[in-house]
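Report on the following structure.
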Amino acid sequence: SRSRALGSTGLGLAIVRHLVNSMGGQIDLQSEVGQGTAITITLASSNVESTVQEERPPPA
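Next comes the structure, spelled out in structure tokens:
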């Protein structure tokens, strides 16, 4: 089989799907024979206030 020839187990997408689902995201696959596969992952993010203070030059 092709996966054996390449040394893969086929777990990559299953792992990605599990991670994306556990983070409340979505995964979308679009595949076309002879063209390849596009994978789109959408994750929600929240606005987090930065705790890093910017260094500003002293006023002139």
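Each residue of the sequence shown is one higher than the one before, counting from 3 in the working numbering.
By construction, the Cβ of each residue, glycine as well, lies at the ideal position given by its N, Cα and C atoms.
Because the structure is a prediction, the values reported are computed rather than measured.
According to DSSP, residue pairing for residue 32 in a beta bridge involves 40.
In the three-state scheme derived from DSSP, where H, G and I count as helix and E and B as strand, residue 19 is classed as helix. In this structure, the CA atom of residue 45 is about 44 Å from the CA atom of residue 62. Within its own chain, the residues whose Cβ lies closer than 6 Å to the Cβ of residue 25, once the five positions on either side in sequence are excluded, are 45, listed in chain order. About 12 Å separates the CB atoms of residue 33 and residue 42; that is not less than 8 Å, and the two are not in contact.
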